[in-house]
Amino acid sequence: MCIGQLGNLLPHVTLSANLAQHLMPAWGLSAAEGGMMASGYAFGYMLAVPVLTTLTDRIDARLVLLGGSVVSGLATVAFGIFAQGFWSGTIIWSLAGLGFAGAYMPGLKALTDRLPAGDTSRAVTLYTSSFSVGVGLSFLIAQVLADGWGWRTAFYVTGIGPIAMVVACLLIDSRSPAPRAGRFLNFAPVFANREALGYIFGYGAHCFELYGIRTWLVGFWIYVVAHQGAPSWLSPVLMSFCFAVISMPASILGNEAALKFGRHRAITVVMIASACVALVIGLNATAPAWLLALLLMMYGLTVPADSGALTAGTSAAAVSEHRGATLALHSTVGFGLSAIGAWGTVVALDAAGGPQRAEGWLLAFIVLAAGIALGPLALLWSRTARSDELVSRSQ
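According to our numbering, the sequence shown is numbered sequentially starting from 89.
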């Protein structure tokens, strides 16, 4: 499943990886238009994931995963063939996001449905942390292909990646859930689960920060190279690849810390640390390139370190018969705030003078820091509400 997910993730940041260097100059897009087009992926995902992931409570998640993987790959190839500007690019990329809505959380559901309960936490973390490796490969392959053979080639090649998950779906056994009565898309039991909601809203804060920096990481490093200079080998390709790849060990270590010290405590510490690193980067946007490279690698550790623990927490807190609906809400909130993160970052950039000014990047990183700082508040609310509920029951 993790190998299949690497293939499914090859298209994931193909647009973001080539936005600043290729697509915006080719189509004359403003930063706001570029950010909105990148956000189309998250919007498409957000609209489809409640239906597709909740569907896995009623049919084999493998079937949803198979269909989503095919749509994701075809839409990515279609972008390379048909996209001609802002509107066509946004529409097609939204369809790619819609396909990925059937591929990521349904894949997690397909995995957890086939595991004993005791294996879930580390397996979920391995699955979610392999997301980062897939994103790193997507950054690397998309940029190398675009620089060598044009950006359309990057979409053609990365669009083939989901075939790996199609093969994985054909290899795993079929596992249909027990027949269920009741309304479809019934999220009332999920909203009644305060513990799960804390992790869900914490995950939303995480996604806001993650997608914001992933969308504009290449643009920020282009600014650094243009204004501070950097060794030729320290290219945007290498920086974005390293930033994404170190996310996997960071996520695994973050989950291990959560198992040892407690999820709420570990996640809160990571989120506060990440907000602090973001502020330091923004305040030092004119610092030497080597220092900014080190700070970005540090940021690459703090941004994803809470990911596995948050998703594992949501899965563990979910009632088994409503796990699909719980993961659907988890993913809807996460990718909804992903879209807002990419859009909010570019609004900040434009408001402070654009991506060629240090003030723009300062405000952008302040927005990212503010977004992730909401995560500990969600967890605190969840814990407080849970304590009040236990006290009420005891009385």
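Backbone N, C-alpha and C fix where the C-beta goes; we use that ideal spot for every residue, glycine too.
Outcome for residue i when other beta-carbon atoms lying within 10 angstroms are tallied against a minimum of 16
{"i": "E297", "result": "buried"}
{"i": "R263", "result": "exposed"}
{"i": "D261", "result": "exposed"}
{"i": "L484", "result": "Absent from the structure is residue 484, since the part of the chain shown begins at 89 and ends at 483."}
{"i": "T246", "result": "buried"}
{"i": "I288", "result": "buried"}
{"i": "K197", "result": "buried"}
{"i": "G236", "result": "exposed"}
{"i": "I169", "result": "exposed"}
{"i": "W321", "result": "exposed"}
{"i": "V455", "result": "buried"}
{"i": "V231", "result": "Correcting the residue type first, residue 231 is Gln in the shown sequence and not Val. It is buried - the Cβ of Q231 has at least 16 other Cβ atoms within 10 Å."}
{"i": "I91", "result": "exposed"}
{"i": "P52", "result": "Any answer about residue 52 is impossible in this case: the structure gives the chain only from 89 up to 483."}
{"i": "A439", "result": "exposed"}
{"i": "L380", "result": "buried"}
{"i": "L203", "result": "exposed"}
{"i": "F219", "result": "buried"}
{"i": "A276", "result": "exposed"}
{"i": "I229", "result": "buried"}
{"i": "G300", "result": "buried"}
Extent of the continuous alpha helix (DSSP H) run through residue i
{"i": "H294", "result": "282 to 316"}
{"i": "N106", "result": "102 to 106"}
{"i": "A354", "result": "351 to 371"}
{"i": "Q172", "result": "Q172 -> no alpha helix (DSSP H), and no H or E assigned at all."}
{"i": "S118", "result": "No alpha helix (DSSP H) holds S118; DSSP gives it neither H nor E."}
{"i": "S262", "result": "Element bounds for S262: n/a, residue is neither H nor E."}
{"i": "M43", "result": "For residue 43 there is no data in the structure shown, the boundaries of the chain being 89 and 483."}
{"i": "W378", "result": "377 to 390"}
{"i": "P194", "result": "193 to 200"}
{"i": "L94", "result": "90 to 97"}
Per-residue DSSP class, three states only, for residue i
{"i": "F275", "result": "coil"}
{"i": "V407", "result": "coil"}
{"i": "G132", "result": "helix"}
{"i": "D438", "result": "helix"}
{"i": "Y244", "result": "helix"}
{"i": "Q483", "result": "Bear in mind that the predicted position of Q483 carries a pLDDT of just 49, short of 50, making it too unreliable to give a figure here."}
{"i": "Q444", "result": "coil"}
{"i": "L151", "result": "helix"}
{"i": "V255", "result": "helix"}
{"i": "S146", "result": "Looking at the sequence provided, one finds Arg at residue 146 rather than Ser. In this structure, R146 counts as coil in the three-state DSSP scheme."}
{"i": "W321", "result": "coil"}
{"i": "Q235", "result": "Reading the sequence as shown, one finds Asp at residue 235 and not Gln. In the structure shown, D235 sits in a helix (DSSP, three-state: H, G or I)."}
{"i": "P204", "result": "coil"}
{"i": "A211", "result": "helix"}
{"i": "P464", "result": "helix"}
{"i": "P138", "result": "helix"}
{"i": "P30", "result": "Lying outside 89 to 483, the shown extent of the chain, residue 30 is not represented and no answer is given."}
{"i": "A393", "result": "coil"}
Rounded straight-line distance, which links the Cα of residue j to that of residue i
{"i": "V479", "j": "F453", "result": "Annotation note: pLDDT 43 at V479 (below 50); position unreliable, coordinate value reported separately. Between V479 and F453, the C-alpha separation is close to 40 Å."}
{"i": "F279", "j": "I180", "result": "33 Å"}
{"i": "S157", "j": "V165", "result": "13 Å"}
{"i": "T303", "j": "A126", "result": "7 Å"}
{"i": "R471", "j": "L465", "result": "10 Å"}
{"i": "A373", "j": "L417", "result": "36 Å"}
{"i": "A108", "j": "G123", "result": "10 Å"}
{"i": "R150", "j": "G195", "result": "7 Å"}
{"i": "G155", "j": "M386", "result": "37 Å"}
{"i": "L259", "j": "A191", "result": "16 Å"}
{"i": "W449", "j": "I428", "result": "17 Å"}
{"i": "G307", "j": "A234", "result": "16 Å"}
{"i": "P250", "j": "V407", "result": "30 Å"}
{"i": "P324", "j": "L94", "result": "21 Å"}
{"i": "S362", "j": "G222", "result": "22 Å"}
{"i": "R481", "j": "L468", "result": "Summary for R481: the model assigns pLDDT 47, below 50, so the residue's position carries little reliability, and this model does not support an answer."}
{"i": "A136", "j": "G128", "result": "12 Å"}
{"i": "L347", "j": "V212", "result": "13 Å"}
{"i": "M359", "j": "L117", "result": "33 Å"}
{"i": "G350", "j": "T241", "result": "46 Å"}
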